[in-house]
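Engineer: Here it is, the structure, as structure tokens.
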Amino acid sequence: MQSDRGHWGSNAGFILAATGSAIGLGNLWRFPYITWDNNGGAFVLVYLVCILAVGMPIMMAELLIGRRTQKSTVGALRECAGRWWGVFGVWGVLCAFLLLSYYTVIAGWSLYYFARTAAWSAGGYPVGLATGDLFNAQVGNAGLQLVLSLGFSLATIAVVWFGVRDGIERLARVSLPILFGILLLLLVSALGMSGSGQALGFLFQASFSELEAGSALSALGHSFFSLSVGMGAMITYGSYLSRKQSIVKATAAIVALDTGIAIVASIIMFSVIFSVAGMTEQVGASPVGMLFISLPELFYTEVPFGVLLAPLFYILVAVAALTSTISLLEVVTSYLIDEHALQRHRATLLSGAAVFVFTIFAALSFSGTPFLSSLAVFANKTGWFETVDHFVSNVMLPTGGLAVTLAAGWFVSRRISHGELVDGNQPGWFRYAVWLGFIRFVAPAAVLAIIIAVLLGTDFS
Ligand code: PFF
416 MQSDRGHWGS NAGFILAATG SAIGLGNLWR FPYITWDNNG GAFVLVYLVC
466 ILAVGMPIMM AELLIGRRTQ KSTVGALREC AGRWWGVFGV WGVLCAFLLL
516 SYYTVIAGWS LYYFARTAAW SAGGYPVGLA TGDLFNAQVG NAGLQLVLSL
566 GFSLATIAVV WFGVRDGIER LARVSLPILF GILLLLLVSA LGMSGSGQAL
616 GFLFQASFSE LEAGSALSAL GHSFFSLSVG MGAMITYGSY LSRKQSIVKA
666 TAAIVALDTG IAIVASIIMF SVIFSVAGMT EQVGASPVGM LFISLPELFY
716 TEVPFGVLLA PLFYILVAVA ALTSTISLLE VVTSYLIDEH ALQRHRATLL
766 SGAAVFVFTI FAALSFSGTP FLSSLAVFAN KTGWFETVDH FVSNVMLPTG
816 GLAVTLAAGW FVSRRISHGE LVDGNQPGWF RYAVWLGFIR FVAPAAVLAI
866 IIAVLLGTDF S
């Protein structure tokens with residue numbers, strides 16, 4: 416059983432894999448649109464504070480719990496914090512399961528847009544295609560949605576099947592440098608556009624008078640999502656970590672890369688959007704569609720070298736999503752390996768197939784399928800996809816995050832957490848005390864604020 420768990424091959428391999436988990440649709444799709452929705456500048460600043468004060472201490476907590484126990488979410492929490500904490504581990508596994516089920520659908524869209532843009536680049540952009548038509552046609556096509564999600568699920572299963580070192584780490588080693596390279600190309604191209612100055616001003620000039628009441632809480636909720644914390648993914652990745660790695664330094668690297676990429680993606684998208692007359696109004700009406708509705712056409716009409724960059728960009732989105740979906744499937748798979756003594760291959764197939772059943776429900780949410788398209792549990796949320804997304808973002812992630820902060824801050828002994836966070840030959844008490852203060856008081860207070868806001872009706876999905 417132990418041999419099925421695996422280990423990272425190197426420190427750099429782990430950092431790349433964890434960064435791959437963090438960088439995903441959250442950075443390329445969600446961060447730009449919620450930043451737009453919350454008027455930029457001040458929101459970005461609040462987001463950075465949330466990342467540093469809440470997300471980062473929680474990531475360290477998850478990694479230390481995982482590494483100490485060398486177990487996945489359920490066993491790790493149980494062993495480190497006490498028997499009953501295993502329940503929150505199960506909650507985390509369920510959260511990863513559900514998030515993966517609909518995240519795969521959006522990831523599948525990136526495959527479609529890759530194929531489309533590759534065809535346009537070869538054969539020319541179709542004359543007279545109205546904005547939004549393509550998107551609506553593809554989400555409304557049930558068969559297409561099933562094929563795309565199945566393709567993406569199979570890719571995820573294939574990577575996890577090969578295990579921690581030969582699957583997850585190997586993919587991250589190859590794909591992340593490519594991803595950084597493509598983003599750099601796009602950034603250079605975007606900075607040359609007329610709207611880039613306005614984009615930078617929008618992102619970096621903070622005007623607190625424009626900040627809305629719910630913005631701080633959206634920033635906090637998104638910081639969890641973006642750093643992949645709150646559902647045990649980092650506990651699981653930490654459980655394959657050797658004692659030679661510094662958790663503090665690794666966390667700093669992962670957080671810096673994840674946040675940097677979210678900001679670079681926003682600079683790129685906003686530069687394009689601000690360069691086109693009338694586009695700010697169009698995006699303003701529906702910022703959620705920035706990535707899949709506004710952007711595709713603009714590659715062909717506005718972006719320098721857009722013909723080359725468009726397919727590269729959508730393959731980048733797909734790769735970024737894949738390095739995240741594998742971490743979600745790994746949470747479920749490692750639970751089956753550790754708690755139910757399944758072999759990796761069997762555990763991967765079983766978890767992948769079970770998640771796919773729910774992916775089918777999410778994939779059919781947009782095509783007028785009875786029940787799935789009309790389900791209405793929460794106000795203003797229609798269909799299976801929106802309902803599950805709302806439940807995961809508003810209920811599961813904040814409660815999972817709160818459980819991890821409380822477990823690490825108050826129930827894991829200080830001897831353990833100090834031993835994991837402070838490198839052997841350094842005193843490091845100050846650094847440890849700062850972490851302890853944040854994990855015991857600041858992070859739980861902030862997460863509680865989210866939960867109270869949710870109870871009062873704020874929506875983070
Ligand atoms: N961090 C990923 C993103 O930004 O898209 C989403 C995610 C992946 C969340 C894995 C949680 C997780 F365990």
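Position in the sequence shown (first residue = 1) + 415 = the working numbering.
Ideal Cβ placement from N, Cα and C applies to all residues, glycine included.
1. Would you mind stating whether Thr571 and Leu737 have Cβ atoms separated by less than 8 Å?
2. Regarding Gly816 and the ligand PFF, is the C-beta to nearest heavy atom distance less than 7 Å?
3. At a cut-off of 7 Å, would you count Ser624 as near the ligand PFF, judging by its Cβ distance to the nearest heavy atom?
4. Take the Cβ of Gln417 as the centre, count every other Cβ of all protein chains shown within 10 Å, and call the residue buried at 16 or more, exposed below.
5. Taking one C-beta from the stretch 607–627 and one from the stretch 844–853 each time, how about it: are there three or more such pairs within less than 8 Å?
6. Given that a residue counts as buried once 16 or more other Cβ atoms are within 10 Å of its Cβ, and exposed if not, what is Ser690?
7. When you compare the CB positions of Met474 and Met649, do they come within less than 8 Å of one another, or not?
8. Would you say the beta carbon of Leu514 is closer than 7 Å to some non-hydrogen atom of the ligand PFF?
9. At which residue ranges does the stretch 421–505 contain complete beta strand (DSSP E) runs of 3 or more residues, listed in the order of the chain?
10. Taking DSSP as the reference, what is the three-state secondary structure of Gln417?
11. Using only CA atoms, which one of Leu618, Arg580, Ser808, Ile521 lies nearest to Ala677?
12. Is the stretch 662–670 in contact with the stretch 424–434, if contact means three or more CB pairs nearer than 8 Å?
13. Is the CB-CB distance between Asn453 and Ser604 below 8 Å?
14. Phe800: beta carbon under 7 Å from a heavy atom of the ligand PFF?
15. CB-CB under 6 Å to Gly504, same chain, minus the five flanking residues each way: which ones, in chain order?
16. If you follow the alpha helix (DSSP H) that Glu835 is part of, which residue opens it and which one closes it?
17. Does Glu745 come out as helix, strand or coil in the three-state DSSP assignment?
18. So, at 7 Å on beta carbons, what are the nonlocal neighbours of Gly578 in its own chain, with the 5 sequence-adjacent residues on each side left out?
19. In terms of alpha-carbon separation, which member of Thr873, Ile854, Val803 lies closest to Leu509?
20. Which one of Ser661, Gly824, Ile831, Met811 has the shortest CA to CA distance from Phe875?
21. Starting from the Cα of Gly675, find the closest Cα among Ile708, Leu710, Ser638 and give me that residue.
22. Within the same chain, show all residues whose beta-carbon is closer than 6 Å to that of Tyr448, passing over the 5 residues directly before and after it, in chain order.
23. Taking just the CA atoms, how far does Gly481 sit from Asn426?
24. Any heavy atom of the ligand PFF inside 7 Å of the beta-carbon of Ala648?
25. So, with DSSP's three-state summary, where would you put Ser624?
26. DSSP three-state call for Thr873: helix, strand or coil?
27. Who are the near neighbours of Phe707 in its chain, counting only those whose CB is closer than 7 Å to its CB and skipping five residues on each side?
28. Identify, in the order they occur along the chain, each residue of the same chain with its Cβ nearer than 7 Å to the Cβ of Ala860, setting aside the five sequence neighbours on each side.
29. Identify, in the order they occur along the chain, each residue of the same chain with its Cβ nearer than 8 Å to the Cβ of Pro719, setting aside the five sequence neighbours on each side.
30. Taking all protein chains shown into account, decide if Lys659 is buried (16 or more other Cβ within 10 angstroms of its Cβ) or exposed.
31. Quick check on the burial criterion: 16 or more other C-beta atoms within 10 angstroms. Buried or exposed for His805?
32. Ala605 by DSSP, collapsed to three states: which one?
33. What residue from Val869, Ala822, Gly455, Ala868 has the CA that sits closest to Ser681's CA?
34. Taking the alpha-carbon positions, what's the Ser568 to Phe714 distance?
Structural biologist: For this structure:
1. A Cβ-Cβ contact shorter than 8 Å links Thr571 with Leu737.
2. Gly816 has its Cβ no nearer than 7 Å to any heavy atom of the ligand PFF.
3. Incorrect: Ser624 has no Cβ contact closer than 7 Å to the ligand PFF.
4. At Gln417, the pLDDT of 48 sits below 50, so the modelled position is not reliable; the number obtained from the coordinates is stated separately. That one is exposed.
5. The stretch 607–627, when compared against the stretch 844–853, does not touch it at the 8 Å Cβ threshold.
6. By the 16-neighbour rule on beta-carbons within 10 angstroms, Ser690 is buried.
7. Yes. Within cutoff.
8. At least one heavy atom of the ligand PFF lies closer than 7 Å to the C-beta of Leu514.
9. Counting only runs of 3 or more, we get nothing.
10. Because Gln417 sits at a pLDDT of 48, beneath the cut-off of 50, its placement in the model cannot be relied upon, and the following sentence gives the value as read from the coordinates. Looking at Gln417 - three-state DSSP - the assignment turns out to be helix.
11. Among Leu618, Arg580, Ser808, Ile521, the Cα nearest to that of Ala677 belongs to Leu618.
12. The stretch 662–670, when compared against the stretch 424–434, does touch it at the 8 Å Cβ threshold.
13. No, these two residues do not count as a Cβ contact at 8 Å.
14. Annotation for Phe800 indicates a beta carbon at 7 Å or more from all heavy atoms of the ligand PFF.
15. Spatial neighbours of Gly504 in its own chain (CB-CB distance under 6 Å, excluding positions within 5 residues in sequence) are listed in chain order as Thr488, Val489, Leu492.
16. Its alpha helix (DSSP H) spans residues 829–836.
17. Helix at Glu745.
18. Cβ neighbours of Gly578 beyond the five flanking positions: Gly421, Arg759.
19. Measuring from the Cα of Leu509, the nearest candidate turns out to be Val803.
20. Of the candidates Ser661, Gly824, Ile831, Met811, the one whose C-alpha sits nearest the C-alpha of Phe875 is Met811.
21. Measuring from the Cα of Gly675, the nearest candidate turns out to be Ser638.
22. Pro702, Val703, Met705.
23. One C-alpha to the other measures close to 15 Å.
24. Yes; taking the cut-off as 7 Å, the Cβ of Ala648 has a heavy atom of the ligand PFF nearer than that.
25. Here DSSP, grouped into helix, strand and coil, assigns Ser624 to helix.
26. Coil, per DSSP.
27. So the qualifying residues of the chain are Trp524, Tyr528, Phe550.
28. Only residues of its own chain outside the window of five on either side were considered, and among them none has a CB closer than 7 Å to the CB of Ala860.
29. Around Pro719: Ser604, Gly607, Met608.
30. By the neighbour-count rule (16 or more Cβ atoms within 10 Å), Lys659 is not buried but exposed.
31. Burial call: buried.
32. DSSP places Ala605 in helix when its eight states are reduced to three.
33. It is Gly455.
34. The straight-line gap separating the alpha-carbon atoms of Ser568 and Phe714 is approximately 28 Å.
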